[in-house]
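Trainee:
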Amino acid sequence: MRRDLFDEEHLLFRETVREFLTREVVPHHAQWEKDGIVPREVWKKAGELGMFGFSVPEEFGGAGITDFRYNAVVLEEITRIGATGLGFSLHNDVMAPYFVDLTNEEQKQRWLPGFASGELITAIAMTEPGAGSDLQGIRTTALREGDHYVVNGQKTFITNGINSDLVVVVAKTDPSAGARGTTLLVVERGMAGFSRGRNLEKIGMHAQDTAELFFENVHVPVANRLGDEDGQGFVQLMHNLPQERLSIAVGAVAAAESVLETTIEYCKSRKAFGKSIGQFQNTRFLLAELATEVEIARHYVDKCIVALNAGELTAVDAAKAKWWTTELQTKLIDRCLQLHGGYGYMLEYPVAKAWLDSRVQTIYGGTTEIMKEIIGRSFGF
Ligand SMILES: Cc1cc2nc3c(=O)[nH]c(=O)nc-3n(C[C@H](O)[C@H](O)[C@H](O)COP(=O)(O)OP(=O)(O)OC[C@H]3O[C@@H](n4cnc5c(N)ncnc54)[C@H](O)[C@@H]3O)c2cc1C
Numbered sequence: 001m002r003r004d005l006f007d008e009e010h011l012l013f014r015e016t017v018r019e020f021l022t023r024e025v026v027p028h029h030a031q032w033e034k035d036g037i038v039p040r041e042v043w044k045k046a047g048e049l050g051m052f053g054f055s056v057p058e059e060f061g062g063a064g065i066t067d068f069r070y071n072a073v074v075l076e077e078i079t080r081i082g083a084t085g086l087g088f089s090l091h092n093d094v095m096a097p098y099f100v101d102l103t104n105e106e107q108k109q110r111w112l113p114g115f116a117s118g119e120l121i122t123a124i125a126m127t128e129p130g131a132g133s134d135l136q137g138i139r140t141t142a143l144r145e146g147d148h149y150v151v152n153g154q155k156t157f158i159t160n161g162i163n164s165d166l167v168v169v170v171a172k173t174d175p176s177a178g179a180r181g182t183t184l185l186v187v188e189r190g191m192a193g194f195s196r197g198r199n200l201e202k203i204g205m206h207a208q209d210t211a212e213l214f215f216e217n218v219h220v221p222v223a224n225r226l227g228d229e230d231g232q233g234f235v236q237l238m239h240n241l242p243q244e245r246l247s248i249a250v251g252a253v254a255a256a257e258s259v260l261e262t263t264i265e266y267c268k269s270r271k272a273f274g275k276s277i278g279q280f281q282n283t284r285f286l287l288a289e290l291a292t293e294v295e296i297a298r299h300y301v302d303k304c305i306v307a308l309n310a311g312e313l314t315a316v317d318a319a320k321a322k323w324w325t326t327e328l329q330t331k332l333i334d335r336c337l338q339l340h341g342g343y344g345y346m347l348e349y350p351v352a353k354a355w356l357d358s359r360v361q362t363i364y365g366g367t368t369e370i371m372k373e374i375i376g377r378s379f380g381f
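Following the UniProt record's numbering from start to finish, the sequence shown increments by one per residue and tops out at 381.
1) Would you be able to state if there are at least three C-beta pairs under 8 angstroms between the segment 22-40 and the segment 85-94?
2) Give the straight-line distance between the Cα atoms of ARG359 and ALA254, rounded to the nearest whole angstrom.
3) Restricting to runs no shorter than 4 residues, where is the alpha helix (DSSP H) found entirely within the segment 11-75?
4) Can you list, in chain order, the residues of its chain whose CB lies under 7 angstroms from that of GLU77, leaving out five sequence neighbours each side?
5) Specify the secondary structure class of THR183 as computed by DSSP and reduced to three states.
6) GLY365 and ILE248: beta carbons closer than 8 angstroms?
7) Can you give me the Cβ contacts of ARG198 inside the same chain, cut-off strictly under 8 angstroms, excluding the 5 residues immediately before and after it?
8) Answer yes if the segment 178-191 comes into contact with the segment 222-232, meaning at least three C-beta pairs across the two stretches below 8 angstroms, and no otherwise.
9) Return the first residue and the last residue of the alpha helix (DSSP H) that ARG284 is part of.
10) List the DSSP bridge partners of GLU188.
11) Are ASP302 and LEU112 touching if we call contact CB-CB under 8 angstroms?
12) For a test of the three-state rule: what should DSSP assign to LEU112, helix, strand or coil?
13) Who are the Cβ neighbours of GLY243 in its own chain at under 8 angstroms, not counting the five residues just before and after it?
14) For ligand 1, any of its heavy atoms closer than 7 angstroms to the Cβ of THR79?
15) With respect to the alpha helix (DSSP H) encompassing GLN338, which residues constitute its N-terminal and C-terminal limits?
16) According to DSSP, simplified to helix, strand and coil, what is ILE9?
17) Could you spell out the range, first to last residue, of the alpha helix (DSSP H) harbouring ARG243?
18) Straight-line CA distance for ARG40 to ARG139?
19) Using beta-carbon positions only, say whether VAL170 and MET126 come within less than 8 angstroms of one another.
20) Under a three-way DSSP split, which group does GLN208 fall into?
21) For the segment 269-283 and the segment 106-121, state whether three or more C-beta atom pairs, one from each stretch, are separated by less than 8 angstroms.
22) Kindly identify the DSSP beta-bridge partner or partners of LEU143.
23) Alpha carbon to alpha carbon, how far is PHE157 from LEU290?
24) Skipping 5 residues on each side, what residues in its chain have a beta carbon closer than 7 angstroms to that of GLU293?
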């Protein structure tokens with residue numbers, strides 16, 4: 001079915017992004033996988049092209065457009081080439097609402113121009129060694145002392161953890177107040193007591209810097225708090241998580257489409273028992289099932305993008321999109337790997353890398369089980 005999500009300007013933008021990625025990313029990504037990180041220069045080059053902060057007002061160097069279709073274009077193109085090291089969607093899709101919508105005028109002036117230019121790379125630090133799904137169980141504290149908070153604690157699995165300049169840290173300003181005692185603070189590169197731990201070794205996404213962060217008596221000015229008062233952090237997170245989950249779903253469908261496409265081509269060319277493997281009924285039925293599921297997923301996700309743009313995407317809508325598309329993605333890639341036979345196990349084949357890179361999709365941004373909890377709770381049990 002025809003995909004009618006995009007207008008002419010999105011399609012033109014897609015050409016620009018594709019050309020940029022072909023030139024600046026494709027030739028280097030394998031090396032970045034070995035390095036475990038992407039260089040900051042590629043962020044700056046992408047920023048010059050206008051790939052960041054679409055919703056950043058023009059006066060601060062952005063495009064001043066609140067239209068998630070531009071975010072989707074960037075993520076789809078990055079996914080198409082398997083450039084999983086670029087933490088652009090975390091910056092664009094996840095972090096932009098924190099920096100654009102929750103900041104005051106003074107903070108906007110300090111941070112938004114760098115956000116849009118790619119000179120200030122962002123991250124969000126929710127997860128701790130002892131608390132992931134159960135966010136209320138975090139132990140990082142930010143205790144007020146005059147015009148500062150003193151932050152102590154540890155975070156882990158933080159995307160852009162090494163490259164980031166601005167980290168939105170979820171901390172307890174009132175440890176006795178539960179969710180209502182949680183506040184978001186922007187910790188900046190170079191603040192005394194803020195250090196990075198290991199760039200963690202993962203099973204996939206090797207070019208993505210996923211790191212531990214440590215906070216030891218870090219003095220964070222009150223001027224770096226997101227929101228007017230303490231205790232708003234949980235509400236702010238809950239408000240922004242649906243967009244994060246939709247972003248993951250957009251990536252899931254794009255990855256699934258891409259792997260399906262290359263697998264169909266492979267099944268045309270690979271011969272066994274005197275015919276192409278695509279001529280076996282098992283192969284055709286399997287590909288037919290997967291193609292059907294991906295197309296249905298695509299239309300649901302596109303509808304979610306329209307709903308997000310209209311301010312109507314609910315937490316339940318986004319949870320459905322996130323768990324179903326990521327489970328589909330991992331299943332599809334696994335089946336497609338099987339159709340590649342032994343070659344599917346070889347890293348030189350894109351399906352092998354896609355298999356490794358995709359495994360995390362059902363885990364981060366809220367696990368499949370937590371997504372089902374969100375949906376299940378909506379029935380009023
Ligand atoms: C590559 C990568 C990047 C990440 N990036 C970031 C980031 O940028 N910022 C950040 O803050 N975090 C990040 N994370 C962390 C991620 O969001 C968490 O790993 C995830 O939310 C799960 O938390 P956990 O690992 O503590 O697992 P746990 O919460 O310990 O869960 C373990 C298992 O128990 C299940 N479970 C837990 N609670 C329930 C329940 N109520 N009902 C049923 N089952 C349940 C889970 O579904 C899971 O299967 C990242 C993780 C990875 C791997």
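Just so you know, even glycine gets a beta-carbon here, dropped at the ideal spot from N, CA and C.
Mentor: This is what the structure gives:
1) yes
2) 15 angstroms
3) 29-35 and 40-48
4) ARG14, VAL17, ARG18 and LEU21
5) strand
6) yes
7) ALA211 and GLU212
8) yes
9) 281-309
10) LEU166
11) no
12) helix
13) Inspection of the sequence shows that residue 243 is occupied by Gln rather than by Gly. So the qualifying residues of the chain are PHE68, ASP93, VAL94, PRO97, LEU308, LEU313 and ALA318.
14) no
15) 315-339
16) Correcting the residue type first, residue 9 is Glu in the shown sequence and not Ile. Residue state, collapsed to three classes: helix.
17) It is worth fixing the name first, because residue 243 is Gln in this sequence and not Arg. Element bounds for GLN243: 233-269.
18) 31 angstroms
19) yes
20) coil
21) no
22) VAL150
23) 31 angstroms
24) LEU328
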